[in-house]
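To convert, take the position in the sequence shown, counting from 1, and add 894; that gives the numbering used here. Heads up, the beta-carbon is just placed ideally off N, CA and C, and yes, glycines get one too.
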Amino acid sequence: MSMPADGNSVRLFAAEVLRHLGEAVVDSQTMESHLDPFVRDLVRRPDLLTLGVPREGNHVRESQYLYYDPGLAVTISHQANGVAIPAHDHGVWEMLAVYRGKIAHTRYRVFGDGLNPLNVTLDVIDERILGPGDAVLVMPPDDIHAFTALAEDTYHLAVVGGRYNPVRHYYQPDQGSFLARSEIAWRRR
Ligand SMILES: [Fe+2]
C-alpha cells in the first residue's frame, strides 16, 4: 500500500502503526520490517518540517510533534552534526528514521541483570549508517541505542509507542557504567 502525499499521510502512517500494534505478535524485527515501506513513503514528503507543532525535545533542540496521542507519538527533530547522543534506554519501543542527512546508529544489549551502575556490560548487537528513509526500531528489553549525526541538516523521525520511562539509563559502554537520570536532565544543555 502506498500512502497519498496529502494532508492525511501522517495520520495514515499513525493508523498503520496502531493497526500493526493491534496484531497478536509484535517484536522489534517484525515491526521494523513491516513499517519500513510506510516510513519510506512518509519521508518522501518534502514538507514534513512545516507540518508539526513545537515540542521540547530531550536530546535535541529543534523538535516538533507530527502526531500525538497518549499511546503513540511521531516527532521530527534536528540532530546537530557530530554530537553523540549517548547510549540510553526508553522503557517503550522507539523507531528512529532519517528524514534528511545521515546518522550512525548503534544498538546495545545489557549482559546480565544490568542493575549495578558501576559494573554493567553492554554488547553491541547492531551498527548501521542510516540515510534518508532508513529506520531502526528498538524495543524492551533491547531498547538501548546511541547515535550521532554525520551530516549538516540532519533531521530524524522518532515513532514512540507511549511514554518514555521518567527515569532513563544513560550508559557509558567503555567504562561499564550507567547513570539513572531524568530524561529532562538533557534539556537546555
Ligand atoms: Fe532513543
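Taking the straight line between their C-alpha atoms, what separation do you get for V904 and D1020? For the purposes of this step, residue 904 is taken as residue 10 along the sequence shown, with counting starting at 1. For the purposes of this step, residue 1020 is taken as residue 126 along the sequence shown, with counting starting at 1. So the two alpha carbons sit approximately 28 angstroms from each other.
Drop a sphere of 10 angstroms on the beta-carbon of V1061, count the other beta-carbons inside from all chains shown, and report buried for 16 or more, exposed for fewer. In the sequence shown, the residue the question calls residue 1061 occupies position 167. That one is exposed.
Close-in-space but distant-in-sequence residues of the same chain around L960 (CB under 8 angstroms, 5 per side omitted): By one-based count along the sequence shown, residue 960 stands at place 66. So the qualifying residues of the chain are V904, L942, L945, G946, V968, T969, I970, L1051.
Opposing strand residues paired with R1062 [DSSP bridges]: Mapped onto the sequence shown, residue 1062 falls at position 168. Answer is R1075, bridged to R1062.
Suppose contacts are defined by Cβ-Cβ distances below 7 angstroms. Is A908 in contact with L990 by that definition? Within the sequence shown, numbered from 1, the residue matching residue 908 stands at position 14. Within the sequence shown, numbered from 1, the residue matching residue 990 stands at position 96. Not a contact, by the Cβ cut-off of 7 angstroms.
Measuring alpha carbon to alpha carbon, tell me which of L1073, R939, Y1049 ends up nearest G864. Here the chain has residues from 895 to 1083 only, and residue 864 is not among them.
CB contact flag (T1042, A981, <7 angstroms): Numbered from its first residue, the sequence shown carries residue 1042 at position 148. Numbered from its first residue, the sequence shown carries residue 981 at position 87. In this structure, A981 does not lie closer than 7 angstroms to T1042 by Cβ.
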